[in-house]
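One structure below.
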Amino acid sequence: MRGSPLLRAIGLFVTLLALGIPLRWLTRQQDALADAARTSDVAPLPATNARIPVTLTFSHQASRAEIRHAGKAVWVMERPKADESFELQLPFPKEGVELGITVEFEGDAYNALRLQLTGPEGTLYDRSVWGAHTVEAIVPFP
Amino acid sequence: MQRILTLILVAFALCLGSVSGAEPIHVSTFSSVLTEVAERVGGDLVSVTGHVAAGTDPHEFEPKPSDLKTVTKAALVLLSAKHLEGYVGKLKEATGGKVYIVEVGTRLPSLWIEHEGAPKGDRIEDPHWWHSIANVRKATSVVCEALSETYPTGKVSFEANARAYDAELVILDKWARSKIAELTRDKRKLVTSHDALQYFAKDYGFTIYPVTGLTPSEQPSSRQVADLLKTIKTQRVKAVFAEDTVNPKVLQQITSETGAVLGGQLWVDGLGTGEAATYGGMFRHNVNTLVEALK
Numbered sequence: 001m002r003g004s005p006l007l008r009a010i011g012l013f014v015t016l017l018a019l020g021i022p023l024r025w026l027t028r029q030q031d032a033l034a035d036a037a038r039t040s041d042v043a044p045l046p047a048t049n050a051r052i053p054v055t056l057t058f059s060h061q062a063s064r065a066e067i068r069h070a071g072k073a074v075w076v077m078e079r080p081k082a083d084e085s086f087e088l089q090l091p092f093p094k095e096g097v098e099l100g101i102t103v104e105f106e107g108d109a110y111n112a113l114r115l116q117l118t119g120p121e122g123t124l125y126d127r128s129v130w131g132a133h134t135v136e137a138i139v140p141f142p
Numbered sequence: 143m144q145r146i147l148t149l150i151l152v153a154f155a156l157c158l159g160s161v162s163g164a165e166p167i168h169v170s171t172f173s174s175v176l177t178e179v180a181e182r183v184g185g186d187l188v189s190v191t192g193h194v195a196a197g198t199d200p201h202e203f204e205p206k207p208s209d210l211k212t213v214t215k216a217a218l219v220l221l222s223a224k225h226l227e228g229y230v231g232k233l234k235e236a237t238g239g240k241v242y243i244v245e246v247g248t249r250l251p252s253l254w255i256e257h258e259g260a261p262k263g264d265r266i267e268d269p270h271w272w273h274s275i276a277n278v279r280k281a282t283s284v285v286c287e288a289l290s291e292t293y294p295t296g297k298v299s300f301e302a303n304a305r306a307y308d309a310e311l312v313i314l315d316k317w318a319r320s321k322i323a324e325l326t327r328d329k330r331k332l333v334t335s336h337d338a339l340q341y342f343a344k345d346y347g348f349t350i351y352p353v354t355g356l357t358p359s360e361q362p363s364s365r366q367v368a369d370l371l372k373t374i375k376t377q378r379v380k381a382v383f384a385e386d387t388v389n390p391k392v393l394q395q396i397t398s399e400t401g402a403v404l405g406g407q408l409w410v411d412g413l414g415t416g417e418a419a420t421y422g423g424m425f426r427h428n429v430n431t432l433v434e435a436l437k
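For the protein sequence lines, the chains are F and C, in the order given.
Everything in the first sequence is counted per this note's numbering, starting at 1 for the first residue and increasing by one.
Everything in the second sequence is counted per this note's numbering, starting at 143 for the first residue and increasing by one.
Now the structure itself:
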């Protein structure tokens, strides 16, 4: 490359400056896209009730079992059978649900309750709670 | 003769009392939560000076000369750590390395928060660890260990007290989970004045939209406020919450522009007053306030 070092430096500077313009234009576009993505991140409307199939399996005779959702009892059974299957009508948002479980087992031995729940999208969730006599737990799905 | 004998007996009893009734060990704390932990674990064997009073903003607290004087006489100093006490160097200098200083927070897991205005990827350690009950349980065992090292004779008593306090914390966590279950998961979104509830959010499945960063003194930029207004609308956030140490003016502006309601005041920078004067009381107040407003 011919020319004085000063001219070459000026040439290099102008070239870099020229490259900066498309670079800035491209990054500004990316910012705009990110902003657009953020604004479209709208929370869905509150979930409507869905029919949720539930199966409970008790390891021992329980004198009482209760399931709560959002602080309210949605299923209560005195002396339930070893296996109970039923449907709950619950809102099941994409964040999932938490169910409050209370089981009073007969006797003081350590016992378990297995809960199988099928979400509205068809996923089977399988959870267990353990304890002696009265078992109280908040069980998350998923 | 009988009178002299009585006097001798009284004098002997007084001498015996001064020998067997040991002086309580002095503990200085710089966090209202740690004051409670030290008092509960230490019991009668410990005298605790809490330098940061309940309801005081610990981010802004600076020890006075009288605080430094008290610290030099303490056997143990408990700090919240995680960069909350910018004056830790001053304390170490004042005590000249002669006082056992325990930075409790350094022994607990940390959350790292992206900081508005900082270069992308730069994260700050969240100092508000006490909003996780699991962390307070760990802090209880750290304080028990520190007291036992300082005063080995009291170890059995400290361990028994720590177990009793820990059992209360387990019940508190169980109660909080049950109360929060009254809120469906899609409603666990809240706006707070500053970003102090991330440990709580992680434990109980909340999403936090803070007005400012990790310290209440930060002022939100107009861009931050505009973004937040948009988020509150799009995420359908039902309520925003004021804090004990923050001016609620910005929140009032937010509520008037979004339709979200002012859900009440939370105690976020330590213990409060009235029903929030104890850790359990503060936690129950916050959970009840959040659940009732977001339902």
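C-beta atoms are modelled at their ideal positions from N, C-alpha and C, and glycine is treated no differently.
Please report the residue range of the beta strand (DSSP E) in which residue i lies.
| i | result |
| --- | --- |
| Trp409(C) | Element bounds for Trp409(C): n/a, residue is neither H nor E. |
| Phe86(F) | 83-91 |
| Gly131(F) | 124-132 |
| Gly100(F) | 97-105 |
| Gln366(C) | Element bounds for Gln366(C): not the beta strand (DSSP E) but the alpha helix (DSSP H), 364-376. |
| Val169(C) | 167-171 |
Would you call residue i buried or exposed, if buried means 16 or more other Cβ atoms sit within 10 Å of its Cβ?
| i | result |
| --- | --- |
| Ala37(F) | Residue confidence is low: Ala37(F) scores 41 on pLDDT, short of 50, so the model does not pin down where it sits. No coordinate-derived value is stated. |
| Ala62(F) | buried |
| Phe300(C) | buried |
| Asp264(C) | exposed |
| Leu226(C) | buried |
| Asp35(F) | Confidence is the limiting factor: at Asp35(F) the pLDDT is only 49, short of 50, which leaves the residue's position unreliable, though a coordinate-based value still follows. Exposed. |
| Ser170(C) | buried |
| Gln30(F) | Residue confidence for Gln30(F) is low, a pLDDT of 46 falling below 50, so the modelled location carries little weight and cannot support an answer. |
| Ser40(F) | Summary for Ser40(F): the model assigns pLDDT 45, below 50, so the residue's position carries little reliability, and this model does not support an answer. |
| Asp108(F) | exposed |
| Ser335(C) | buried |
| Gly296(C) | buried |
| Leu17(F) | exposed |
| Leu325(C) | buried |
Residue i to residue j, Cα distance in whole Å?
| i | j | result |
| --- | --- | --- |
| Pro205(C) | Ala195(C) | 12 Å |
| Pro140(F) | Val403(C) | 28 Å |
| Leu371(C) | Val333(C) | 10 Å |
| Val14(F) | Asp369(C) | 38 Å |
| Glu78(F) | Lys321(C) | 24 Å |
| Val241(C) | Val213(C) | 8 Å |
| Arg305(C) | Ser274(C) | 18 Å |
| Ala32(F) | Arg365(C) | Bear in mind that the predicted position of Ala32(F) carries a pLDDT of just 44, short of 50, making it unreliable; the figure below should be weighed with that in mind. If you take the alpha carbons of Ala32(F) and Arg365(C), they lie about 15 Å apart. |
| Phe203(C) | Lys232(C) | 13 Å |
| Thr397(C) | Pro166(C) | 51 Å |
| Gly119(F) | Glu385(C) | 38 Å |
| Gln116(F) | Ala164(C) | 59 Å |
| Val129(F) | His60(F) | 13 Å |
| Glu235(C) | Asp209(C) | 13 Å |
| Ala216(C) | His168(C) | 5 Å |
| Thr134(F) | Glu310(C) | 19 Å |
| Glu121(F) | Gln361(C) | 44 Å |
Given a cut-off of 7 Å, decide if residue j and residue i are closer than it, judged by their beta-carbon atoms.
| i | j | result |
| --- | --- | --- |
| Leu218(C) | Glu245(C) | no |
| Val188(C) | Val285(C) | no |
| Trp409(C) | Tyr341(C) | no |
| Thr431(C) | Gly197(C) | no |
| Ala82(F) | Phe105(F) | no |
| Thr191(C) | Ala223(C) | no |
| Leu289(C) | Gly184(C) | yes |
| Leu90(F) | His69(F) | yes |
| Thr316(C) | Gln377(C) | The sequence shown places Lys at residue 316(C), rather than the Thr named in the question. Cβ atoms of Lys316(C) and Gln377(C): not closer than 7 Å. |
| Glu87(F) | Arg51(F) | yes |
| Phe425(C) | Leu339(C) | no |
| Val429(C) | Ala318(C) | yes |
| Ile101(F) | Ala137(F) | yes |
| Lys375(C) | Thr400(C) | yes |
| Glu66(F) | Val76(F) | yes |
| Ile243(C) | Ile255(C) | no |
| His427(C) | Ala419(C) | no |
| Ala43(F) | Phe92(F) | no |
Check the C-beta distance from residue i over to residue j and give it rounded, since I have them as a contact under 8 Å.
| i | j | result |
| --- | --- | --- |
| Gly422(C) | Ser173(C) | With 8 Å as the limit, Gly422(C) and Ser173(C) do not qualify as a contact, their Cβ atoms being about 16 Å apart. |
| Leu436(C) | Lys344(C) | Actually they are not in contact, since the Cβ atoms of Leu436(C) and Lys344(C) sit about 17 Å apart, beyond 8 Å. |
| Leu250(C) | Ala281(C) | 6 Å |
| Leu393(C) | Val382(C) | 5 Å |
| Gly96(F) | Pro142(F) | 5 Å |
| Val175(C) | Val312(C) | With 8 Å as the limit, Val175(C) and Val312(C) do not qualify as a contact, their Cβ atoms being about 17 Å apart. |
| Glu84(F) | Ala323(C) | With 8 Å as the limit, Glu84(F) and Ala323(C) do not qualify as a contact, their Cβ atoms being about 21 Å apart. |
Identify the continuous alpha helix (DSSP H) that holds residue i and give its terminal residues.
| i | result |
| --- | --- |
| Trp317(C) | 297-322 |
| Phe342(C) | 340-346 |
| Ala276(C) | 275-292 |
| Ser222(C) | That residue, Ser222(C), is in no alpha helix (DSSP H); it is neither H nor E in DSSP. |
| Thr431(C) | 421-436 |
| Lys234(C) | 230-237 |
| Glu178(C) | 174-184 |
| Gln159(F) | Given a span of 1 to 142 for chain F in the structure shown, any question on residue 159(F) remains unanswerable. |
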